[in-house]
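Chemist: Below is one structure. I have some questions about it.
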Amino acid sequence: MKFKSLIITLLASSIFLTIIICIWKILATLQGLSFSNLNFNLNLLLSLGLVITCVLIGKKFNHYLKIFILSLSFTILYTFLNENSPMWFSVGIFLLILFFTNKLKKYDLKYLNQDFISEKIVFEFLSLFAIVFFALVILFPFYIMFVTSFKTQTALLINPIDLSIDFSKNIFEIFKSYFVIFKTYDFGRYILTSSYVSVGTVLITLFFSIPAAYAVARLNFFGKTFLSTSILIIYMFPAIVLVIPLYTVFSQLGLRNSVEGLLIVYTATTLPVAIYMLQGYFKSIPKEIEEAGLIDGQNWFGIIIKIIIPLSLPAIASVSLYVFMIAWNEFLFSLMFLDNPKTFTLSRAINHLTGDAETPRQYLMAGSVVVTLPILLIFIYFEKYLVSGLTAGGVKG
Amino acid sequence: MSSTLSKIEKRTAYTLLLPAVCLVFAIILFPIFANVWISFKEVGLKDIRIPEPRAKKIVKNIQDSNSELKIIYKLRNSSLIQDIREVRFSDKLPKNIEPVNLDKRCEFKSQKVKCFFGDWEAGYRENFEIFVKDVNNNAINSKYVKSNKPDLNGKSNNILLTTDFTLKNFKNVFINNNFFELLMTTFYFTFFGTLGAILLGIFAAQLVNQKFYGRTFMRSILLFPYVGPVVALAYTWTLLLDPNSGTINSLLVNYGVIEKPINLLGQKYLIINILGFELKLRLALTTVIFFEIWRYFPLAFLFILARLQAIPRDLYEAADVDGAGPFRKFFYITLPQITSILSILFMIRFIWNFNKFEDIFLLTGGASGTLTLPISVYQQGFAISNIGMGSAVSIVIVLLLITFMIIYFKLIGKKANEI
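Chains D and A supply the protein sequences, listed in that same order. Mind the numbering: the first sequence is residues 1 to 397 in this note's numbering, read in order. Mind the numbering: the second sequence is residues 1 to 419 in this note's numbering, read in order.
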């Protein structure tokens, strides 16, 4: 009998379960339940008991029956020993333990008797914990952003941790923040401007970068190596060092407060990476296809339009999505160049909202949802392309 | 034959490249050089507007006579700092209307009043009046007279194009503005932000590289912080961390972890007592670094994951045969395999974090000890309105950046091309 691995298993698994229950409790607090004590020690003891019973029973019993009975009894014990809580909270606890005991399926005394098993088990629970940790850390702000946008100012002031949505109100009341930002703060116009700028940037960037990338990938000319290294170097220079000269020049030319000025700047800053990404892909297209085109009497223009572009659509999609994302999220230049609310992009508009300290936070969060949601949806839908764009252009950001 | 072909090829190449190169030159390279020029000048935000002569036209009726009018032009130099030379003025009068007793500086020719006002010093103002009357003594419609806008022009120096230079900006940057602290804050932020993002990226990549239910979903959401717009995310975090009724502080107070809310973004130092030693932690800066790590670890994750998936499986199988546990496998197989990508990532992310502007600007605006070099560019240039100073700080950034790039290409430039 290896006591070391047994003890390590017990500790690792019960600490994991306790932490999961604590997280569930904290999330429940945000739904308006008034817990004020995590009861960490008590729950740790409970979990320890659960794990010991589970391991001792081992495979002597039907698995599903075992986990069901164990979870049910643990949940009842938990509810009995802890504060009063509504039904849905206990159901959550039950499901968590069901999941947990299912994870413990293969753990019986025989399994724990193997060599090097303790390290494996610790690693397993660490991984599980890491999944929960990463999911929580990443999704929590998005969740808060979303939920806050449905609250009212008074409700938030009375109890800042109660973020539950009151579904008993009518639909206009629930979505009030969204109506307000579209009506009073004119967000419809900003969405249009942002879309116009982002799509425009994508089109112009493609228009400039496809021919240039083709030249870099295929043609021989004086200064080619110099050009391809300088593309990468130029890409490294940050927007903040360009801002002052561009601001002065654009002021004197009257290009500030114009969407066109923004388009020019966005295009120029995304061009190097677009060229870099496209030329890599163009190089992978077999030269023979183009040569066949040349023999058919196509000129360079025909080759680009009829051969290169259709063959490299995936790369063009990656570049387009990446450039779209950069233009949609861009903040620095829109902050510098736009002071007239008529030309605001979404990012700039949200920044403008915060300029007034009186702006209620639910409006701010509703605005944030409006700017975040489209880009996240695009990301989820086109994940494959955007990820390859991110990997290629990801040195920046 | 082949030489003509290669000539055509060259010509085509240049034609295809020209538009892109011109645009990049105008918007990226030109400003970098322009920074050098501006940084040696004493220019404020208000100087960059070119001074213009302006006139506001007011038409007044004269008592007892409706065939005469008084026109007042409120003339001024739009700039309070710069002179305008050789100001010329012209305004058209409607038909049959003529000026009476015209000012000496002016003449009336083909229904136009033309004046030469000479030089206007900075902030010059004058109420210039002319009386007009109808030739046939008919009543004049004052709206008709007012409808025409006067035309003014003059010569002025564009302060950006003059050749007086000064070293004052650089002197200010290096001596007066606590440059050392600025530099240290920037390096502290950059180093820990980069390191943290890479460490978290290793964990995340190691995690997603295993098989578990919901793995693709996990991979998607891990990229959310990077894909989401910085404005929305920064403000969400600001609200989360807000000392008055921010969610995180309220939760911590509710569960009795802390007694009073902590102003995580607005407090410069947190004093911690460990074994009688007083430790001063840069609180706001640390919070900003954590945001930075949260937002940019997805990139490190993406690169490291790609590298992990390329590690041959049989290495791990051999380790399994030898009975190595997961931690040993990580330290003896995985880590040596990813060191090269880690060093490249570290250099690249270091350079980018060094230039980060938006994140800090949106979270703290550079207050409570989070002033870094890029924020300083903004503060000098736009908050204090000293364009020259802002440019000087930009130059410092560019110089440091060039140093980093030289180091980067010396150390791992060749390796980077292989990946």
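Glycine included, each C-beta is placed from N, C-alpha and C at the ideal position.
Could you tell me the alpha carbon to alpha carbon distance between E83(D) and I19(D), rounded to whole angstroms?
Modeler: Each residue's alpha carbon lies about 18 Å from the other.
Chemist: Pair every Cβ in the segment 74-88 of chain A with every Cβ in the segment 189-203 of chain A, then say whether three or more of these pairs are closer than 8 Å.
Modeler: Judged by Cβ distances under 8 Å, the segment 74-88 of chain A makes no contact with the segment 189-203 of chain A, as fewer than three pairs qualify.
Chemist: Note down, in chain order, every chain D residue with its Cβ under 8 Å from the Cβ of K10(A).
Modeler: Those are L219, N220, F221, F222, listed as they occur along chain D.
Chemist: Taking all protein chains shown into account, decide if I158(D) is buried (16 or more other Cβ within 10 angstroms of its Cβ) or exposed.
Modeler: When all chains shown are included, I158(D) counts as exposed.
Chemist: Within the chosen definition, does the segment 121-138 of chain A reach the segment 89-108 of chain A through at least 3 CB pairs nearer than 8 Å?
Modeler: Cβ pair count under 8 Å is three or more, so yes.
Chemist: Identify, in the order they occur along the chain, each residue of the same chain with its Cβ nearer than 8 Å to the Cβ of V398(A), setting aside the five sequence neighbours on each side.
Modeler: I32, N35, listed in sequence order.
Chemist: How would you label M184(A), buried or exposed, when you count the other beta carbons within 10 angstroms and need 16 or more for buried?
Modeler: So M184(A) ends up on the exposed side.
Chemist: So is Q279(D) buried or exposed if we call it buried at 16+ other beta carbons inside 10 Å?
Modeler: Its Cβ being crowded by 16 or more others within 10 Å, Q279(D) is buried.
Chemist: Could you tell me whether the segment 359-370 of chain D touches the segment 255-272 of chain D, where touching means 3 or more Cβ pairs closer than 8 Å?
Modeler: Not touching, per the Cβ criterion.
Chemist: Roughly how far, in whole angstroms, is the beta-carbon of G32(D) from the beta-carbon of S164(D), given that I think they are within contact range, below 8 Å?
Modeler: Going by Cβ atoms, the distance from G32(D) to S164(D) rounds to 4 Å, so yes, they are a contact pair.
Chemist: Classify N127(A): buried if its beta carbon has 16 or more other beta carbons within 10 angstroms, exposed otherwise.
Modeler: Counting Cβ neighbours within 10 Å, N127(A) comes out exposed, since fewer than 16 surround it.
Chemist: To which residues does DSSP link E68(A) through a beta bridge?
Modeler: According to DSSP, which records beta bridges pairwise, E68(A) is partnered with K133(A).
Chemist: Cβ closer than 8 Å: which chain A residues qualify as neighbours of P403(D)?
Modeler: Here chain D covers residues 1 to 397 and nothing more, so residue 403(D) does not appear.
Chemist: Going residue by residue through the segment 137-220 of chain A, where are the continuous beta strand (DSSP E) segments of at least 3 residues, counting only ones entirely within it?
Modeler: You should have 151-155.
Chemist: Below 7 Å on C-beta distance, what does K120(D) contact in chain A?
Modeler: Here the neighbours are G325, P326.
Chemist: In angstroms, rounded to a whole number, what distance separates the CA positions of L11(D) and F100(D)?
Modeler: Taking the straight line joining both Cα atoms gives about 14 Å.
Chemist: Extract the residue ranges of the beta strand (DSSP E) inside the segment 5-71 of chain A, only unbroken runs of 3 or more that lie entirely within it.
Modeler: As far as the segment 5-71 of chain A is concerned, its whole beta strand (DSSP E) runs of at least 3 residues are 53-62.
Chemist: Rounded to whole angstroms, how far is the Cβ of F187(D) from the Cβ of V370(D), which I believe are closer than 8 Å?
Modeler: Confirmed, about 6 Å.
Chemist: Determine whether the Cβ of S195(D) lies closer than 9 Å to any Cβ atom of chain A.
Modeler: Not an interface residue.
Chemist: On the CB-based measure, 16 or more other CB atoms within 10 Å of its CB, does A20(A) come out buried or exposed?
Modeler: Burial call: buried.
Chemist: In chain order, what residues of the same chain have a beta carbon less than 8 Å from the beta carbon of M1(A), not counting five sequence neighbours either side?
Modeler: Bear in mind that the predicted position of M1(A) carries a pLDDT of just 48, short of 50, making it unreliable; the figure below should be weighed with that in mind. None.
Chemist: If the criterion is Cβ atoms closer than 9 Å, does the pair A13(A) and A274(D) meet it?
Modeler: Cβ distance not < 9 Å, so A13(A) and A274(D) don't count as in contact.
Chemist: What are the partner residues of C115(A), as DSSP defines its beta bridges?
Modeler: In the DSSP output, where bridge partners are listed per residue, C115(A) has F89(A), C106(A).
Chemist: Between the Cα of R219(A) and the Cα atoms of I131(D), V243(D), C54(D), which residue gives the shortest distance?
Modeler: Residue I131(D) is the option with its Cα nearest to R219(A).
Chemist: Consider the Cβ of N153(A): report whether some Cβ of chain D lies at a distance smaller than 9 Å.
Modeler: Answer no: the Cβ-Cβ gap between N153(A) and chain D never drops below 9 Å.
Chemist: Please confirm if the segment 134-152 of chain D is in contact with the segment 224-235 of chain A, defined as three or more CB-CB distances below 8 Å between the two stretches.
Modeler: Yes, they touch.
Chemist: Check the C-beta distance from P272(D) over to S250(A) and give it rounded, since I have them as a contact under 8 Å.
Modeler: No, P272(D) and S250(A) are not in contact; Cβ-Cβ is about 45 Å, not under 8 Å.
Chemist: With a 10 Å radius around its C-beta and 16 neighbouring C-beta atoms as the bar for buried, classify W37(A) as buried or exposed.
Modeler: When all chains shown are included, W37(A) counts as exposed.
Chemist: Determine the DSSP secondary structure at K74(A), reduced to helix, strand or coil.
Modeler: K74(A): strand per DSSP, three-state reduction.
Chemist: G32(D) CB to nearest chain A CB: under 9 Å?
Modeler: G32(D) does not count as touching chain A.
Chemist: Report buried or exposed for A366(D), applying the criterion of at least 16 other Cβ atoms within 10 angstroms of its Cβ.
Modeler: The residue in question, A366(D), is buried, as its Cβ has 16 or more Cβ neighbours within 10 Å.
Chemist: As a quick exercise: from L167(A), P298(A), L265(A), pick the residue whose alpha carbon is nearest that of L363(A).
Modeler: For the residues L167(A), P298(A), L265(A), the minimum Cα distance to L363(A) belongs to L265(A).
Chemist: I'd like the list of long-range same chain contacts for F382(D), defined as Cβ closer than 8 Å, with 5 residues on each side in sequence excluded.
Modeler: Excluding sequence neighbours, F382(D) sits near A317, L321.
Chemist: Can a CB atom of chain D be found closer than 9 Å to the CB of Q309(A)?
Modeler: Not one chain D Cβ lies under 9 Å of Q309(A).
Chemist: If I'm right that I221(A) touches I138(D) with Cβ under 8 Å, what's the distance once you round it to whole angstroms?
Modeler: Going by Cβ atoms, the distance from I221(A) to I138(D) rounds to 6 Å, so yes, they are a contact pair.
Chemist: Identify, in the order they occur along the chain, each residue of the same chain with its Cβ nearer than 7 Å to the Cβ of Y124(A), setting aside the five sequence neighbours on each side.
Modeler: Excluding sequence neighbours, Y124(A) sits near R76, N77.
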